[in-house]
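Down below is the structure, laid out as structure tokens.
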């Protein structure tokens, strides 16, 4: 009977380690304060609600333990809905949604490459908020890992 209880407890405790890890996404408001206290590189994930590859990247890539661990230890992570209507203050400048363009100004500023804004887009900024990496399109775990490795000292 004791062996059964021990086995049951081991299985119960072991099952908790199987839960999906997720990235601790913060807001641009939180980013400003965190950078003041402890500067780190910043990963910015630009997505839309209708983009299936955005959802896939969030579900698969951003829940992979190796990725969540790297991001959690070495980066601040901010997700940006490119169609958000909310005003965002970043680097003391106000950014908002532009109906004429169909997306947020900050998504355009950070995500546009060669005149095009595609989704998803992943951007990494340095500790001094200078562009380190820009990737348009879906990133799998291996591609994301390589990108993060290139952006850490």
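Residue numbers (our numbering): 14 to 166.
Ideal placement from N, C-alpha and C gives every residue a C-beta, glycine not left out.
- Taking residue 118 as the centre and dropping the five residues before and after it, the same chain places the C-beta of 108, 109, 111 closer than 7 Å to its C-beta, in chain order.
- Among the bridge pairs identified by DSSP, residue 94 is matched with 60.
- In this structure, residue 151 and residue 66 form a Cβ contact; the two beta carbons are roughly 4 Å apart against a cut-off of 8 Å.
- Note on geometry: alpha-carbon atoms of residue 42 and residue 130 lie some 24 Å from one another.
- Contact annotation: residue 95 and residue 68 have beta-carbon atoms that are not nearer than 8 Å.
- Considering only 87, 91, 162, the residue with the shortest C-alpha distance to residue 59 is 91.
- Rounded to whole angstroms, residue 139 and residue 113 show a C-alpha spacing of 31 Å.
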